[in-house]
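Structure first, then comments.
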Amino acid sequence: MVCSSKVTIKDLSLEADIGSCNSKDNMQLVHLLDLSLVIDPSLVLIKNDGMELVFDYDPLIAKILQLSGECHYDTQERLLTRIIHACAGHAEIQRVTVNLRKTPVVNDGFLGLEVTVDNKYLDELRLAS
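Position 77 of the sequence shown, counted from 1, bears residue number 77 in my numbering, the numbering being contiguous throughout.
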């Protein structure tokens with residue numbers, strides 16, 4: 001039997017200062033984050049109810065919010081890279097897809113990036129840190 005599980009975070013609004021335009025223009029942009037975290041099914045399909053039995057994603061969200069607000073970023077790519085590194089800090093995460101986008105772009109459009117990294121890539125980051 002094949003079983004997989006994901007933690008999904010959708011449309012998390014980040015208070016990020018990203019871009020080469022002046023801060024006044026950037027303040028009108030909304031930066032949204034989607035995360036899809038593949039974790040071991042044993043952290044989702046549990047026999048008893050208890051936080052100690054599941055993946056606690058709150059520290060990861062807190063770290064992402066900290067990273068997004070702690071400095072100016074010239075590019076979305078740099079913030080996305082730092083988010084991937086934050087995910088690598090959690091051994092429970094086996095694969096992650098990060099989608100970071102900003103809006104509005106040309107009326108009501110979105111502009112963004114999406115990257116998926118597997119366990120091998122995450123393990124390399126874990127070893128390097």
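Quick reminder that beta carbons are idealized off the backbone N, C-alpha and C, glycines included.
7 Å Cβ shell around residue i - same chain, five flanking residues per side excluded
| i | result |
| --- | --- |
| Phe55 | Val7, Ile39, Leu43 and Glu92 |
| Glu77 | Leu113 |
| Leu80 | Val98, Leu100, Leu113 and Val115 |
Per-residue burial, residue i [other beta carbons within 10 Å of its own, 16 or more giving buried]
| i | result |
| --- | --- |
| Leu37 | buried |
| Val98 | buried |
| Ala62 | exposed |
| Ala128 | exposed |
| Leu100 | buried |
| Cys87 | buried |
Top-ranked residue by Cα proximity to residue i, from the options
| i | options | result |
| --- | --- | --- |
| Phe110 | Ser20, Asp11 and Ala128 | Asp11 |
| Leu65 | Asn48, Val115, Asp34 and Asp49 | Asp34 |
| Ile84 | Val115, Leu45, Asp17 and Ser13 | Val115 |
Contact test: residue i Cβ vs the ligand COA heavy atom, cutoff 7 Å
| i | result |
| --- | --- |
| Leu12 | Among the ligands in the structure shown, none appear at all, so the ligand COA cannot be discussed. |
Beta-carbon proximity list for residue i, same chain, < 8 Å, skipping 5 on both sides
| i | result |
| --- | --- |
| Asn119 | Gln94 and Arg95 |
Contact set for residue i: own chain, Cβ-Cβ below 6 Å, skip 5 residues either direction
| i | result |
| --- | --- |
| Thr103 | Val30 and Phe110 |
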